[in-house]
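For the sequence shown, the residue numbers in the numbering used here are 3 to 261.
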Amino acid sequence: METFAGFGDVLKSEYAKLRSLRSTAYTLAAAALFTVVLAAVIGAFVPPRLSAADRRDVDAVQLGLGGMHLAQVAIGVLGVLAVTGEYGSGTIRTTFSAVPRRRTVLTAKAVVVAGAAAAVGTASCFGAFYAFEAFLTEDAMSVSLGDPGVLRAVAGGGLYLAVLALLGLGLGAVLRSSAGATATLLGLLFVPALLVDLLPPGGRTTVGPYLPMQAGTQVFVAAPHEAHALAPWTGFAVFSLYAAAALAAGLVLVTRRDA
């Protein structure tokens with residue numbers, strides 16, 4: 003009982019810390035705005051420029067959630083700063099003095115950050131869905147949450163952002179540098195896709211689907227259409243393994259290094 007009560011206290015403390023950071027409000031607001039506003043912009047300008055055949059074949063949910071590619075950057079930074087902010091200011095020493103169980107602190111940070119990212123991410127994805135659909139009245143592209151794969155894809159956007167926040171947090175715990183962890187996170191998301199294009203076609207189809215962003219974003223694709231893409235939940239599981247590896251490394255190193 004004491005262990006659970008102790009973790010609850012740490013959880014409350016980490017929640018209070020996250021709420022007190024200006025960067026939390028900025029990154030969460032940026033993620034929400036990118037997701038919802040860009041959905042409205044895409045809905046207003048893209049469908050009218052598509053041919054009738056393209057309008058029937060396009061994945062409307064994936065198109066409407068196009069702002070997620072920018073929102074993920076904001077959420078990743080949220081995860082990074084949840085750890086590196088304390089290292090940068092030196093307050094991590096006070097935190098570890100108050101709670102000597104460093105892994106408990108990092109675990110509490112992970113729970114709080116993932117919860118915040120999931121809550122804002124899910125709300126933003128549903129907002130984006132309805133903002134995009136508002137421009138598709140009586141359109142061949144229009145879909146509803148009851149259509150196959152749609153609810154999973156919209157809710158999956160929130161799950162993707164939650165795991166992305168954990169990936170950022172894990173990298174922050176490993177590198178303890180805001181700039182270094184952010185650069186590494188962005189590198190993991192965007193650089194491998196550029197490098198894999200240099201491979202022969204067989205290599206691209208073998209390696210490409212398992213890259214972090216390519217795997218993870220499958221969870222918010224309503225109607226997978228790429229022949230070599232992973233199934234939505236398989237891709238999400240692969241992406242989660244990247245985050246789990248970063249967190250595991252952080253949990254190991256946090257007890258082996260000086261604060």
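The C-beta atom is built at its ideal place from N, Cα and C for all residues, glycine as well.
Cβ contact annotation for V176 (same chain, cutoff 8 Å, sequence separation greater than five): A183, A248, A251, G252, L255, in chain order. In chain order, V156 place their CB closer than 7 Å to the CB of F128, counting only its own chain and leaving out the 5 sequence neighbours on each side. Comparing alpha-carbon positions, the option among P234, H230, S146, V193 lying closest to V223 turns out to be P234. Note that the C-beta distance between L169 and A121 is not below 8 Å. Residue range 203-209 is occupied by the alpha helix (DSSP H) that includes V209. In this structure, the CA atom of S91 is about 11 Å from the CA atom of R178. Residue environment for V193: exposed (fewer than 16 other C-beta atoms within 10 angstroms of its C-beta). Sequence-distant partners of A46 (beyond 5 residues in either direction) whose C-beta falls short of 8 Å from its own C-beta, in its chain, are F137. CA-CA distance, A54 to V12, rounds to 55 Å. Cα atoms of L35 and A130: separation of roughly 9 Å, rounded to the nearest angstrom. Taking one beta carbon from each stretch, the region 12-24 and the region 106-114 have 3 or more pairs nearer than 8 Å; the two touch.
Around the beta carbon of G148, a 10 Å sphere encloses fewer than 16 other beta carbons of the protein chains shown; the residue is thus reported as exposed. In this structure, L166 sits away from V82, with a CB-CB distance that is not shorter than 8 Å. For T97 and R51, the gap between their C-alpha atoms comes out near 54 Å. 8 Å or more divides the Cβ of T208 from the Cβ of S126. In this chain, the alpha helix (DSSP H) harbouring Q64 covers 62-66. Residue burial annotation: A118 is buried, with at least 16 other C-beta atoms found within 10 angstroms of its C-beta. Cβ atoms of G123 and A76 stay farther apart than 8 Å, at about 10 Å. Residue burial is scored here from C-beta neighbours: S146 has fewer than 16 other C-beta atoms within 10 angstroms and is therefore classed as exposed. Ranking G8, R103, L161 by CA distance to the CA of A73 puts L161 first.
Where R104 is concerned, the enclosing alpha helix (DSSP H) starts and stops at 104-135.
Sorting Y212, G218, L243, V240 by C-alpha distance to the C-alpha of H230 places Y212 at the top. For P214, the uninterrupted alpha helix (DSSP H) segment begins and ends at 214-218.
Under the three-state reduction of DSSP, L23 is assigned to coil, being neither helix nor strand. Classified as buried, A84 has 16 or more neighbouring CB atoms from the shown chains inside 10 Å of its CB. About 11 Å separates the beta carbons of G87 and S22, which is beyond the 8 Å limit, so they are not a contact pair.
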